[in-house]
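What follows is a set of notes on a single structure, which appears directly below.
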Amino acid sequence: MDSNKITILKNKGLNIARKIQKYITLLIVLTTIFAYLARHINPDTTNIPQYLGMFFPYLLFVDIIYTILLICFKQKLSLIMMIITILVGLRPIMSTIQINPVHFADDTKYSDIEDSSINIMTFNVRLLDKYNWIKSKSDTRQKIFEFLKYESPDIVCFQEFYARYSDSINNETIIQNMLDTKYVVRDYDPDEKWIHTDKGYLIFSKYKLSNKRYIVDSANNINGITVDADVYGKTIRIFNIHLKSIRLGYDDYNFIDSLNNKNNKEQFSGFQNIFRKVDNAYSERANQSIVIDSMIKASPYPVVVCGDFNDPPVSYTYNTVKGDLDDAFCESGFGFCTTMKLKCFRFRIDYILHSKEILSRGFKTHTEHLSDHFAVSCNIKLK
534 MDSNKITILK NKGLNIARKI QKYITLLIVL TTIFAYLARH INPDTTNIPQ YLGMFFPYLL
594 FVDIIYTILL ICFKQKLSLI MMIITILVGL RPIMSTIQIN PVHFADDTKY SDIEDSSINI
654 MTFNVRLLDK YNWIKSKSDT RQKIFEFLKY ESPDIVCFQE FYARYSDSIN NETIIQNMLD
714 TKYVVRDYDP DEKWIHTDKG YLIFSKYKLS NKRYIVDSAN NINGITVDAD VYGKTIRIFN
774 IHLKSIRLGY DDYNFIDSLN NKNNKEQFSG FQNIFRKVDN AYSERANQSI VIDSMIKASP
834 YPVVVCGDFN DPPVSYTYNT VKGDLDDAFC ESGFGFCTTM KLKCFRFRID YILHSKEILS
894 RGFKTHTEHL SDHFAVSCNI KLK
């Protein structure tokens, strides 16, 4: 083969490679933009952006690696497209990962926050592992008690709290005595034994709590409670919320674990069932978030929103609830924040949000494996 034919073949190969690279760039850019749109598109319209938003941290990793490759291979046009795409999404990116060194400078600047601040925590305890879901060889409930005693938060919001146990002293009393919290507010009455009132939302506080209200969605489901806390003579309204879970059953988890052993028809049926539950949950959480947003806007006091949103930062639910609030993780967190692990995936679905009149510092994700969620906490004070 002469040199001219080799040159022609080489040029054809390069042209094909460039076209493939351009299509890959276009695919990545469009996928990333659709993920950004998850914050603004109600799931009742379409759920596709919500799925992309759920896995946005992994998509962001692909974006970064691909951008580095474009720099190495000097693909200017594609590189410009990727840089613009990343810059357009700075807000959702900053709610997903924090690498801002200014946080540490701020912590030094506001070092006096410890003197007049309170430590607040939110924790989905999944019934204090009543059924030993995490398969611990030791008593998970006792570990939770020890964890709370060590951290000693001033205010702690629990979701999926289970009050009764076989012990003569119930969980609520044990924690109240341990934390020396004079005030407890719950969404159920433990004396009403004729209905299942032994689990739900609890708020323990060393500061006076009053004016409990229920957060009720359009289907009359209780999605949380609000209380007013008197902190150093000033009132803060606290929201303790838990939005709609996907509620995968044992059959769903068994299907995922034995996926390789299923035929095509069984795989299609199993995935169809899971996606149906996910779609319904997206829609319900969106509607619940709209109700919560209206309650936040109607509050006459600065608010702190704690709880399990069951949605990541790049989602319609998070964006609706957050509104003009600040995210404690964005204010003083660092790196990727994981509050729930599911198989090999990591998600941030538990939050502490607050009004701009409130300063938060020292955001922390507690990595103790005591539930399917990790507790998160921070220090807050009124500016």
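Numbering (our numbering), first residue to last: 534 to 916.
Note that the Cβ used here is the ideal one computed from N, Cα and C, for glycine as well.
It should be emphasised that the depicted structure is a prediction, and the values quoted were computed from it without experimental measurement.
- The three-state secondary structure of C605, taken from DSSP, is helix.
- At a Cβ-Cβ threshold of 7 Å, F842 and I882 count as neighbours.
- Going by beta carbons, K741 and Y716 fall inside the 7 Å limit.
- A residue is called buried once 16 or more other Cβ atoms fall within 10 Å of its Cβ, and T872 is buried on that count.
- DSSP places E890 outside any beta strand (DSSP E), giving it a letter other than H or E.
- Between P686 and S628, the alpha-carbon positions lie close to 25 Å from each other.
- Nearest in C-alpha terms to V718, of all of N756, M711, S738, is S738.
- Around the beta carbon of C877, a 10 Å sphere encloses fewer than 16 other beta carbons of the protein chains shown; the residue is thus reported as exposed.
- A distance below 8 Å between beta-carbons, with the five flanking residues on each side excluded, links L858 to the following residues of its chain, in chain order: I829, V836, V838, L886, H887, S888, K889.
- I677 and E901 have their alpha carbons spaced roughly 9 Å apart.
- In this chain, the beta strand (DSSP E) harbouring V764 covers 755-764.
- I617 and T578 have their C-alpha atoms roughly 27 Å apart.
- DSSP places G622 outside both helix and strand once states are collapsed to three, so it counts as coil.
- For the pair Y591 and F567, the Cα-to-Cα distance works out to about 14 Å.
- By the 16-neighbour rule on beta-carbons within 10 angstroms, N820 is buried.
- Distance between F606 and A831, taken at the CA atoms: about 54 Å.
- Counting the other Cβ atoms within 10 Å of the Cβ of R818 gives 16 or more, which makes it buried.
- The Cβ atoms of I779 and A814 lie closer than 7 Å to each other.
- Apart from the 5 residues on each side of it in sequence, Y765 has no Cβ closer than 6 Å to any other Cβ in its chain.
- One thing to note: I630 has its Cβ no nearer than 7 Å to the Cβ of F880.
- Cβ neighbours of A861 within its own chain (closer than 6 Å, five residues either side excluded): I885, S893, F896, C911.
- C-alpha of Q583 to C-alpha of D763: approximately 38 Å in a straight line.
- Nearest to F772 by alpha-carbon distance, out of L735, T564, I598, is L735.
- Annotation: T655 is outside any alpha helix (DSSP H); the continuous beta strand (DSSP E) that includes it extends over 651-657.
- Counting the other CB atoms within 10 Å of its CB gives Q675 a total below 16, which places it among the exposed residues.
- W666 and R809 have their alpha carbons spaced roughly 24 Å apart.
- Sorting I913, C863, L915 by C-alpha distance to the C-alpha of R624 places C863 at the top.
- Distance from E693 to N657 at the Cβ level is roughly 5 Å; contact confirmed, criterion being Cβ atoms closer than 8 Å.
- By a beta-carbon distance limit of 8 Å, I913 contacts I651. Their separation comes to about 6 Å.
- By the C-beta density criterion, L603 is buried, having at least 16 other C-beta atoms within 10 angstroms.
- Rounded to the nearest angstrom, the gap between the Cα atoms of R572 and N580 is 11 Å.
- For L593, the closest C-alpha among the options N575, Y849, Y569 is that of Y569.
- Between the alpha carbons of I688 and M654 lies a gap of roughly 6 Å.
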